[in-house]
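Here the sequence shown is numbered in our numbering, starting from 238 and rising by one per residue. Built from N, CA and C at the ideal position, the CB exists for glycine as well. Remember, predicted model here, so these are calculated numbers, not experimental data. Input: a single structure, listed below in structure tokens.
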Amino acid sequence: MDKSYFEGHEELIACVYRSFIDQFYELPERRRTKRQLRNLAFSVIRQAGPTYQERTVLYEFFAEFFRAVEEGQHEKIEFYKQIAQ
Numbered sequence: 238m239d240k241s242y243f244e245g246h247e248e249l250i251a252c253v254y255r256s257f258i259d260q261f262y263e264l265p266e267r268r269r270t271k272r273q274l275r276n277l278a279f280s281v282i283r284q285a286g287p288t289y290q291e292r293t294v295l296y297e298f299f300a301e302f303f304r305a306v307e308e309g310q311h312e313k314i315e316f317y318k319q320i321a322q
């Protein structure tokens, strides 16, 4: 994914990502399943109350981030973390 797709949305992505991480660490270890994490991401996105366009960008960000984590692509993980900072 090209970083330019996320340009102009970095602040929103960072805010939603921080909220996701905060809530992630509140989850008990046994509930940190792939499904629960995706549901958590959807929940955090809905709570942010973004516009349709912003929501689409956030869904794409989390989809790509989760894909990189699942495939163990450390360079891509760092790429998405940089966007979220």
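ALA305: buried (16+ other C-beta within 10 angstroms of its C-beta) or exposed?
Buried: at least 16 other Cβ atoms inside 10 Å.
With 16 as the cutoff for other CB atoms within 10 Å, does GLU246 come out buried or exposed?
In the sequence as presented, Glu is not what sits at residue 246; that position holds His. Classification of HIS246: buried, given that the 10 Å Cβ count is 16 or more.
May I have the straight-line CA-CA distance separating PHE302 from LYS313, to the nearest angstrom?
Straight across, the Cα-Cα distance linking PHE302 with LYS313 is about 8 Å.
Backbone CA spacing between GLN270 and GLU244 [nearest angstrom]:
First, the residue type needs correcting, since residue 270 is Thr and not Gln in the sequence shown. Rounded to the nearest angstrom, the two C-alpha atoms are 30 Å apart.
Under 8 Å by Cβ, that's how I've got ALA251 and GLN322 pegged, so tell me the actual separation to the nearest angstrom.
At roughly 6 Å, the Cβ-Cβ gap stays under 8 Å, so ALA251 and GLN322 are in contact.
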